[in-house]
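First up is the structure itself, then whatever we jot down about it.
Residue numbers (UniProt numbering): 1 to 553.
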């Protein structure tokens, strides 16, 4: 909290004070403290301090007096006032010249004026200024809190700051997504998607507690200052103001209250979203599980949550296959796995909704553990191209947020019609299960592609089929487990290459003789001939039945 030197000069006790140097910069000087200093100066003078001195011991030597003035100036003092008439009778020209050259304010006070009176009057002025600043700060704090408590959002907070500082303001969340803005033009908003350049902060302002938490950034040559927004130990986002390169037009007190109000707005927004998400999650799960009453009640509940159920939907289920790996890469800034997982699922869900808006289709989505359940508006047709386009966009967006994320997708039937949520969910779940086993992580498969696999799964439930399958493959499974040779994989590759030994060897990166050895070993263990089409069919069929229905039993 400071007062300007011109304000100090208006005090009655300073009326007869003469300005000897620095008159042109008088209006730029701020005063925080007042003190009386004599030789030596050393480190007794603070920055922005108004120094009073009698000049005792300096009247006989112009050189000593000049050295004293230099020391006070270099200590960062706002001004120096000499009491003349006892120890000093006038201030030498070379001292005045030095002060003028350095734009340092030099005063002359009459000896009859008591320093204690000067200090008392100046400190009263400073304290009055502090009280006024504190009052204004409390009013600003109250106004900002009322903005949030009366239903305002982060854009309202940004507008409040913009109105008081007359500078563009932006509030972003943890991922840099803009949540509130004011005075931000289109170019600046587009350039924000590019990682801003961080620079070392060198704000030459008073030592406000917020100063140490400010980082300078540059976006396409525009200087910005960003402050972290936190609630408890949790980082919510950042408040960014774009102003002068020196930051001289920033009001730290206002910004501190804006950061607090933003934290409150984030907490309020998160609480509302959590409640809304929980209600929507429960509703979508009830659709998937078929746990709902009459159709009228279903439509009514959906309408309250913003869903139009009078549309055909296709169910899509995604399974995140590498959660642990993603957590290891992105755990910084999170207190626990649960905290990170909630954040990750939130952002993935946001991108799913964004993708739906982009392809102009209604979307309902929820997440349970590592499973994403999506109901996507779909025409009553067999064409799944819109679904593929939707998933392409989702994968592209979430890969930008979480590089390396791997999701396996199962897609239900597109022609199940209206209100077939449970049936479509079960089909998508079946497609996901088969796709995971047949194609592995990161694959996509729709229900109509699983006809043969579903037939084989049904066969695997028959006791006689199960016995034949296990009897046929038991020698190979035992050998693979003991010798780590993967004879089943060898046969599968051989059969896919239509019995071509050379192509199979190249695919498996084996020597031809090594492959022939494995093929003979398969024949000897199973007592089946790879030259006999019926034996090859039996071996291929039992391997498929085993991989789809019996591997996990």
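We put the CB at the ideal spot given by N, CA and C, even for glycine.
Because the structure is a prediction, the values reported are computed rather than measured.
Along the chain, where does the beta strand (DSSP E) containing residue 225 start, and where does it finish? 222-231
TODO: Would you tell me roughly how many angstroms separate the C-alpha atoms of residue 353 and residue 375, rounded to the nearest one?
DONE: 11 Å
Residue 9, enclosing alpha helix (DSSP H) - first and last residue: 5-9
May I ask which residues mark the beginning and end of the alpha helix (DSSP H) holding residue 119? 115-149
Review point. Can you give the Cα-Cα distance for residue 109 and residue 44, rounded to whole angstroms?
Key: 21 Å
May I ask you to list the residues that DSSP assigns as paired with residue 111?
Answer is none; residue 111 lacks a bridge partner.
Apart from the five residues just before and just after residue 299, which ones in its own chain have a Cβ nearer than 6 Å to its Cβ? 309
- Which residues in the same chain have their Cβ closer than 6 Å to the Cβ of residue 349, if we skip the five residues on either side of it in sequence? 365
Check: Roughly how many whole angstroms lie between the Cα atoms of residue 362 and residue 461?
Finding: 39 Å
**Study point:** residue 317 and residue 432 closer than 7 Å at C-beta
**Key:** yes
Using the C-alpha atoms, what's the distance from residue 161 back to residue 218?
-> 20 Å
Margin query: Rounded to whole angstroms, what is the Cα-Cα separation between residue 230 and residue 338?
Written below: 19 Å
Original post:
Does the separation of the CB atoms of residue 144 and residue 261 fall below 7 Å?
Top reply: yes
- Output the distance between the C-alpha atoms of residue 157 and residue 344, rounded to the nearest integer angstrom. 26 Å
**Asked** Which whole runs of the alpha helix (DSSP H) in the region 429-500 are 4 residues long or more, in chain order?
**Response** 451-460, 463-483, 487-496
**Request:** Check whether the Cβ atoms of residue 214 and residue 224 lie closer than 7 Å to each other.
**Result:** no
Item to complete: Compute the Euclidean distance between the alpha carbons of residue 522 and residue 529, then round it to the nearest angstrom.
Response: 9 Å
**Q.** Best match in 257, 173, 264 for proximity to residue 236 [C-alpha to C-alpha]
**A.** 173
Check: For residue 75, which residues from the same chain have a beta carbon less than 7 Å from its beta carbon, with the 5 sequence-adjacent residues on both sides left out?
Finding: 41, 45
Using a Cβ-Cβ cut-off of 7 Å (strictly less than) and excluding sequence neighbours within five positions of residue 562, which residues of its own chain qualify?
No information on residue 562 is available, as it lies outside the stretch 1 to 553 that the chain covers here.
request  = Report the three-state DSSP secondary structure of residue 60 (helix, strand or coil).
outcome  = coil
I'd like to know if residue 486 contacts chain B, where contact means its C-beta is closer than 7 Å to some C-beta of that chain.
The structure shown contains no chain B; it is built from a single protein chain.
query = Does DSSP put residue 205 in a helix, in a strand, or in coil?
reply = Since pLDDT at residue 205 reaches only 44, below the 50 mark, its modelled position is unreliable, and the value read off the structure follows with that caveat. Coil, per DSSP.
Worksheet item: Can you give the beta carbon distance from residue 312 to residue 378, rounded, assuming they're within the 8 Å contact cut?
Response: 5 Å
If residue 391 sits next to residue 409, beta carbons under 8 Å apart, how far is it from one beta carbon to the other, in whole angstroms? 6 Å
*Check whether the Cβ atoms of residue 119 and residue 34 sit closer than 7 Å, and answer yes or no.*
yes
When you compare only the Cα positions, how much space is there between residue 509 and residue 438? 22 Å
For residue 234, the first and last residue of its enclosing alpha helix (DSSP H):
Here residue 234 belongs to no alpha helix (DSSP H); instead the beta strand (DSSP E) covers 234-242.
Which of helix, strand or coil DSSP assigns to residue 106: strand
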